[in-house]
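Visitor: Just so we're aligned: the first sequence equals residues 685 to 881 in my numbering. Glycine included, each C-beta is placed from N, C-alpha and C at the ideal position. Given the structure is predicted, the values throughout are model-derived calculations rather than measurements.
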Amino acid sequence: MASMKGKPLQMGFYNGSTPDIAVSLLGKVLLHIVDGNILSGRIVETEAYLSQGDPACHAARGMTPRNRPMFGPPGRAYVYFIYGNHFCFNITTAPEGVGEAVLIRALEPVSGREEMSARRNTSDGRLLCSGPGRLCQALGIDRSCNQADLSSGSLLLLDDGCIYDDIVAVPRIGIKTAADLPLRFYPAGNQFVSRRT
DNA sequence: TGGCAGATTTTA
DNA sequence: AAAATCTGCCAA
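(1) Mapping the DSSP letters down to three states, classify Pro-757 as helix, strand or coil.
(2) Do Gly-737 and Ile-727 have their beta-carbon atoms positioned less than 8 Å apart in this structure?
(3) Can you find the residues in the same chain that come closer than 6 Å, C-beta to C-beta, to Pro-757, ignoring five residues on each side of it along the sequence?
(4) Helix, strand or coil, according to DSSP, for Cys-772 in the structure here?
(5) Quick one, are the C-beta atoms of Ile-759 and Leu-819 less than 8 Å apart?
(6) Is it buried or exposed for Tyr-762, if we count other Cβ within 10 angstroms and need 16 for buried?
(7) State the start and end residues of the unbroken alpha helix (DSSP H) segment that holds Glu-731.
(8) For Leu-693, which residues of its own chain have a beta-carbon under 8 Å away from its beta-carbon, when the five flanking residues on both sides are left out?
(9) What does the Cβ neighbour count give for Ile-847, buried or exposed, with the cut at 16 atoms within 10 Å?
(10) Should the region 767 to 775 be regarded as contacting the region 795 to 805, the criterion being three or more beta carbon pairs within less than 8 Å?
(11) Work out the CA separation of Gly-837 and Val-718 for me, nearest whole Å.
(12) On the premise that Arg-803 lies in contact with Gly-824, defined as a C-beta separation below 8 Å, what is that separation, rounded to the nearest angstrom?
(13) From Tyr-767 to Met-688, what does the alpha carbon distance come to, in whole angstroms?
(14) Tell me which residues share the same chain as Val-854 and place their Cβ nearer than 6 Å to its Cβ, disregarding the 5 neighbours each side in the sequence.
(15) Verify whether the separation of the beta carbon atoms of Tyr-764 and Arg-750 is less than 8 Å.
(16) Starting from the C-beta of Ile-859, find all residues in its chain whose C-beta is less than 6 Å away, skip the five residues before and the five after it, and write them out in chain order.
(17) Taking just the CA atoms, how far does Asp-864 sit from Leu-734?
(18) Can you look up Glu-798 in the DSSP assignment and give me helix, strand or coil?
(19) When you compare only the Cα positions, how much space is there between Asp-850 and Ala-872?
(20) If I follow the unbroken beta strand (DSSP E) through Arg-868, where does it start and stop?
And the structure:
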């Protein structure tokens, strides 16, 4: 069916540096099948979190029960609960033993808009998936998705050939340390990013 | 546009 | 105990 068009990203996709992968993820489709519904969106905003020189990274102070997935193999989900209300979805990168990941901050809705609107309690397309907590609510991503292999199963990353050029690199959102590193990426002018500043 | 409450987990 | 990779609502 058209909404599932595209090939799942394989291990080889995760070979480069984490910032490079964060850029390469722009345009890919994140898809979640829940209760037979296909919920998906195109990735339009990412942030890289690094193991070296990046105190804002959850893994900066070594492995803990929460950040353990970051130290696992690449291409898996790292989902955590934050601020008492929200989930954040990350994609693990770097070889096993190295704690790095890419936070997905915004999607452009692709399929399952009606179901996503119901989950988000809004029909405003811009408010559906523009923000790390919002996209998790829209796609039904929660703790049960943690560590999922994103190349197979009900939570998938797909390549349908979409390429963005003119990618912007700017400082990340909501962090207090390493706040100057330009590790946040999005296509210039994209209307679905969480903030345009 | 800006400030703040909300509500829970994790870590120090 | 304090901070946390946030969001929605409300007042100006």
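Guide: So, from the data block:
(1) coil
(2) no
(3) Glu-780
(4) strand
(5) One detail in the question is off: residue 759 reads as Gly in this sequence, not Ile. Result no, Cβ atoms of Gly-759 and Leu-819 do not sit closer than 8 Å.
(6) buried
(7) No alpha helix (DSSP H) contains Glu-731, which is instead part of the beta strand (DSSP E) from 721 to 733.
(8) Lys-712, Gly-759, Leu-834, Ser-835, Leu-841, Leu-842 and Asp-843
(9) exposed
(10) no
(11) 11 Å
(12) 7 Å
(13) 33 Å
(14) Pro-866 and Arg-868
(15) yes
(16) Ala-740
(17) 14 Å
(18) helix
(19) 6 Å
(20) 868 to 871
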